[in-house]
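In this note's numbering, the protein residues as written are 11 to 193.
By construction, the Cβ of each residue, glycine as well, lies at the ideal position given by its N, Cα and C atoms.
Note that this is a predicted model, so its numbers are computed, not measured.
Written out below as structure tokens is the structure these notes cover.
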Amino acid sequence: MKQYWQDVDRILVSEEQIQQTVTRIAKQIDEDYKDKDLIILCILKGSVVFFADLLRKITVPAEMDFMRVSSYGSGTKTSGNIRILLDIDHSRLKTSEILIIEDIIDSGRTLSYLCEYLKLRGAKSVRTCTLLDKPDRREVEFIPDYVGIVIPDEFVVGYGLDYDEKYRTLPYVGVLKEEVYKK
Ligand code: PRP
Numbered sequence: 011m012k013q014y015w016q017d018v019d020r021i022l023v024s025e026e027q028i029q030q031t032v033t034r035i036a037k038q039i040d041e042d043y044k045d046k047d048l049i050i051l052c053i054l055k056g057s058v059v060f061f062a063d064l065l066r067k068i069t070v071p072a073e074m075d076f077m078r079v080s081s082y083g084s085g086t087k088t089s090g091n092i093r094i095l096l097d098i099d100h101s102r103l104k105t106s107e108i109l110i111i112e113d114i115i116d117s118g119r120t121l122s123y124l125c126e127y128l129k130l131r132g133a134k135s136v137r138t139c140t141l142l143d144k145p146d147r148r149e150v151e152f153i154p155d156y157v158g159i160v161i162p163d164e165f166v167v168g169y170g171l172d173y174d175e176k177y178r179t180l181p182y183v184g185v186l187k188e189e190v191y192k193k
């Protein structure tokens, strides 16, 4: 059976670079959330790997919660219509600071929608953190509060990111070979 790495053209962000980035962001979060009631919110599925690494590096007390959203449409382009498949526990929204953890920001629509959604439901504060940012693909203006690495507009997989649900388990972020998605 073909291994995932065989479909990777090249490594864009190495395991070492990822860990350095996670450490840097964790330090910033520790500084900013001293003496606050923090909930770190994982947006399934893509951010689960980054989330799991990050939560083990932050030292401030934090609770965790999960949401799963999906955008209508498929393939390599999102349509911008977002549906909530798994929701956060609303009972804590008014008393806790929410920090949304994402693996990547592309069009910006998912995070714009989620920030608005949580604020409308009374969240005390909402901030956002992403490992990867692809500003070239923005369709709505969105500036995350914590950014790991700004990347060019390439089709990336690994470290939680998928193509057709595959490649999430790769330990690095790699560029997918064009022949895989341009069949
Ligand atoms: C990806 C990623 C973000 C979103 C970013 O999720 O995890 O949630 O797309 O794109 P946007 O800025 O254009 O909204 P995806 O919908 O692929 O689901 P997944 O996390 O389950 O892979």
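Output the distance between the C-alpha atoms of residue i and residue j, rounded to the nearest integer angstrom.
{"i": "R178", "j": "S106", "result": "30 Å"}
{"i": "E224", "j": "V183", "result": "This structure gives no information on residue 224, because the portion of the chain shown stretches from 11 to 193."}
{"i": "V167", "j": "Q27", "result": "15 Å"}
{"i": "P154", "j": "C139", "result": "6 Å"}
{"i": "M11", "j": "V59", "result": "24 Å"}
{"i": "L124", "j": "G56", "result": "15 Å"}
{"i": "E175", "j": "Y14", "result": "12 Å"}
{"i": "S81", "j": "E151", "result": "18 Å"}
{"i": "K104", "j": "K187", "result": "45 Å"}
{"i": "P143", "j": "D63", "result": "It should be pointed out that residue 143 corresponds to Asp in this sequence rather than to Pro. Going by the C-alpha atoms only, they are around 18 Å apart."}
{"i": "L51", "j": "E189", "result": "35 Å"}
{"i": "Q16", "j": "T69", "result": "37 Å"}
{"i": "E164", "j": "L130", "result": "34 Å"}
{"i": "Y191", "j": "V18", "result": "12 Å"}
{"i": "G132", "j": "I21", "result": "41 Å"}
{"i": "D146", "j": "I159", "result": "13 Å"}
{"i": "H100", "j": "Y156", "result": "24 Å"}
{"i": "T33", "j": "F61", "result": "12 Å"}
Does residue i pass the burial test, meaning 16 or more other C-beta atoms within 10 Å, or should it be called exposed?
{"i": "G85", "result": "Unreliable placement is indicated for G85, whose pLDDT of 48 sits below 50; the coordinate value is still reported in the next sentence. G85 should be labelled exposed."}
{"i": "V136", "result": "buried"}
{"i": "R66", "result": "exposed"}
{"i": "T31", "result": "buried"}
{"i": "V23", "result": "buried"}
{"i": "T120", "result": "buried"}
{"i": "D116", "result": "buried"}
Could you round the C-beta distance between residue i and residue j to whole angstroms and report it? I think they count as a contact, below 8 Å.
{"i": "I111", "j": "I53", "result": "7 Å"}
{"i": "L96", "j": "A72", "result": "Incorrect: roughly 19 Å between the Cβ atoms, too far for contact."}
{"i": "P162", "j": "E25", "result": "No, P162 and E25 are not in contact; Cβ-Cβ is about 20 Å, not under 8 Å."}
{"i": "M77", "j": "I92", "result": "In fact, because the Cβ distance is near 11 Å, the residues do not count as touching under 8 Å."}
{"i": "E149", "j": "G118", "result": "6 Å"}
Considering residue i, what are the terminal residues of the alpha helix (DSSP H) in which it resides?
{"i": "L128", "result": "119-130"}
{"i": "Y191", "result": "188-191"}
Per DSSP, residue i forms a beta bridge with which residues?
{"i": "R78", "result": "L54, L96"}
{"i": "D20", "result": "The amino acid occupying residue 20 in the given sequence is Arg; Asp does not appear at that position. Paired residues: V185."}
Hey, could you find the ends of the beta strand (DSSP E) residue i is sitting in?
{"i": "D40", "result": "First-last for D40: 25-42, but that is the alpha helix (DSSP H), not the beta strand (DSSP E)."}
{"i": "E112", "result": "107-115"}
{"i": "R137", "result": "135-143"}
{"i": "Y156", "result": "156-160"}
Counting only C-beta atoms, is residue i closer than 8 Å to chain B at any point?
{"i": "R102", "result": "No chain B appears in the structure shown, which is made up of a single protein chain."}
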